[in-house]
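So the sequences go chain by chain: H and G.
By the count of UniProt numbering, the first sequence reaches residue 182 at its end, each step adding exactly one.
By the count of UniProt numbering, the second sequence reaches residue 182 at its end, each step adding exactly one.
Read through the structure below, which is laid out as structure tokens, and then see the notes.
2 protein chains.
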Amino acid sequence: MAVLKKEEMQFELQKSVEILERTPLILEAYLGRLSKDWLKNNEGENTWSPYEILGHLVYGEKTDWMVRVKTILRTSGNKLFEPFDRLAQLKEDQDRPIAELLTDFNVLRTSNLEELRALNISDEDLQLTGIHPEFGEVTLGQLIATWVVHDLGHIGQISRVMAKQYKNEVGPWINYLSVLKR
Amino acid sequence: MAVLKKEEMQFELQKSVEILERTPLILEAYLGRLSKDWLKNNEGENTWSPYEILGHLVYGEKTDWMVRVKTILRTSGNKLFEPFDRLAQLKEDQDRPIAELLTDFNVLRTSNLEELRALNISDEDLQLTGIHPEFGEVTLGQLIATWVVHDLGHIGQISRVMAKQYKNEVGPWINYLSVLKR
Numbered sequence: 001m002a003v004l005k006k007e008e009m010q011f012e013l014q015k016s017v018e019i020l021e022r023t024p025l026i027l028e029a030y031l032g033r034l035s036k037d038w039l040k041n042n043e044g045e046n047t048w049s050p051y052e053i054l055g056h057l058v059y060g061e062k063t064d065w066m067v068r069v070k071t072i073l074r075t076s077g078n079k080l081f082e083p084f085d086r087l088a089q090l091k092e093d094q095d096r097p098i099a100e101l102l103t104d105f106n107v108l109r110t111s112n113l114e115e116l117r118a119l120n121i122s123d124e125d126l127q128l129t130g131i132h133p134e135f136g137e138v139t140l141g142q143l144i145a146t147w148v149v150h151d152l153g154h155i156g157q158i159s160r161v162m163a164k165q166y167k168n169e170v171g172p173w174i175n176y177l178s179v180l181k182r
Numbered sequence: 001m002a003v004l005k006k007e008e009m010q011f012e013l014q015k016s017v018e019i020l021e022r023t024p025l026i027l028e029a030y031l032g033r034l035s036k037d038w039l040k041n042n043e044g045e046n047t048w049s050p051y052e053i054l055g056h057l058v059y060g061e062k063t064d065w066m067v068r069v070k071t072i073l074r075t076s077g078n079k080l081f082e083p084f085d086r087l088a089q090l091k092e093d094q095d096r097p098i099a100e101l102l103t104d105f106n107v108l109r110t111s112n113l114e115e116l117r118a119l120n121i122s123d124e125d126l127q128l129t130g131i132h133p134e135f136g137e138v139t140l141g142q143l144i145a146t147w148v149v150h151d152l153g154h155i156g157q158i159s160r161v162m163a164k165q166y167k168n169e170v171g172p173w174i175n176y177l178s179v180l181k182r
């Protein structure tokens, strides 16, 4: 009956890919054919809507994760990562249908994971390092673990942004719904 | 470029059903065929794993949401809700395959939404009230809005519980991943 603490998981490449490959399916189920209010509303000034969060994830597939994986794995040359533009999606066309963004994400993620698998990354490779522009040396394993947590964090953010749309609609239940207090 | 605050949404039955009917698909994409570590690990003592969160959602479909909707709509008799056992899922068989729980949830939710639609709830009906055992009078609209936010909150919780499994694996990125700090 008692819910005991289980140990946190240790990084494994296969268990990471297991999450990364389902994110497009989760986002399709979450945002596909969703009406405009749910998609485009946010949490207030300088916060992101689910539509913008998806745009951020698309941009990361294009310019961030796999580029950094390959920077770490290359045998010579500069190991310094390019800074990631966290606001790039806000400069994109905001009228593209959500179905197009979902397809973009799915295609890019699928292609990135094919490329990742083809690299045949070994346990030793996971200890190789690159240089983050802000906080310095990071390992390939840390980069891939962060890719996973970044996906999960943004799925959670989508849940929170959408839940908050009904903040004034739940009446006295507001005190029991911790998602509305973040 | 500036991300302005949009007004929060007002409650609409159709927009609520729009979320409620996609939750089984989101959970299937999230948890279907997921390996045991991701499914069964939690955030520490007296916290829930994704498997237990799904069990809680199944139990709510069986005993809570539609039962309360019907309590509010009945024309005579007791309007007091039964308390909801938030820990019921911990007493269930913890070895049932996740696929069975996902099917249970999908079947129950689909049936509950069919029943909800068949009630032909009017705008006036949304103002009808029941009595919550802890905080008293609540409207049908508030109950259905809470059902939606409850779904979204638990999807966000699944994201957080899973993200935390890699808390010690992301290295210096930990300071940039707010999902790990909740």
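Heads up, the beta-carbon is just placed ideally off N, CA and C, and yes, glycines get one too.
Note that this is a predicted model, so its numbers are computed, not measured.
Assignment of residue 131/G by DSSP, reduced to helix, strand and coil, places it in the strand class. Look at residue 137/H here: in three-state DSSP terms it is strand. Note on geometry: alpha-carbon atoms of residue 79/H and residue 72/H lie some 6 angstroms from one another. Distance from the Cα of residue 36/H is smallest, within the candidate group 40/G, 102/G, 60/G, 15/G, for 15/G.
Within chain H, the C-beta atoms nearer than 7 angstroms to that of residue 167/G come from 8, in chain order. Non-local C-beta neighbours of residue 24/G in its own chain, meaning closer than 6 angstroms and more than five positions away in sequence, comprise 105, 106, 109, ordered along the chain.
For residue 149/H against residue 152/G, the beta-carbon gap comes to about 20 angstroms, at or over 8 angstroms, which does not count as contact.
A straight line joining the alpha-carbon of residue 33/H with that of residue 99/H spans about 7 angstroms.
Counting other Cβ atoms within 10 Å of its Cβ, residue 45/H stays below 16 and is therefore classed as exposed. At a beta-carbon threshold of 7 angstroms, none of the residues of chain G lie near residue 53/H; the nearest stands roughly 12 angstroms away.
Sixteen is the threshold: since fewer than 16 other Cβ atoms of the shown chains lie within 10 Å of the Cβ of residue 87/H, the residue is exposed. Neighbours of residue 173/H in chain G, taken as residues at a C-beta separation under 9 angstroms, are given in chain order as 132, 135, 138, 142, 143, 145, 146, 149, 150.
Look at the UniProt domain "DinB-like" (20 to 158) of chain G and you find these whole runs of alpha helix (DSSP H), each 4 residues long or longer: 23 to 31, 36 to 40, 50 to 63, 65 to 73, 98 to 118.
Interface annotation, residue 117/G: not in contact with chain H, CB-CB separation never under 8 angstroms. With its beta carbon less than 8 angstroms from one in chain H, residue 155/G belongs to the interface. Residue nearest to residue 118/H within the set 161/H, 128/H, 27/H, 69/H is 69/H (criterion: CA-CA distance).
In its chain, beyond the 5 residues on either side, 16 have a beta carbon closer than 6 angstroms to the beta carbon of residue 144/G. Within the region 26 to 41 of chain G, those residues whose Cβ lies closer than 8 angstroms to any Cβ of chain H are, in chain order, 26, 28, 29, 30, 34, 35, 37, 38, 40, 41. The beta-carbon of residue 18/G is placed less than 8 angstroms from the nearest beta-carbon of chain H. Judged by beta-carbon spacing, residue 154/G lies within the 8 angstroms limit of residue 53/G, meaning their Cβ atoms are closer than that value.
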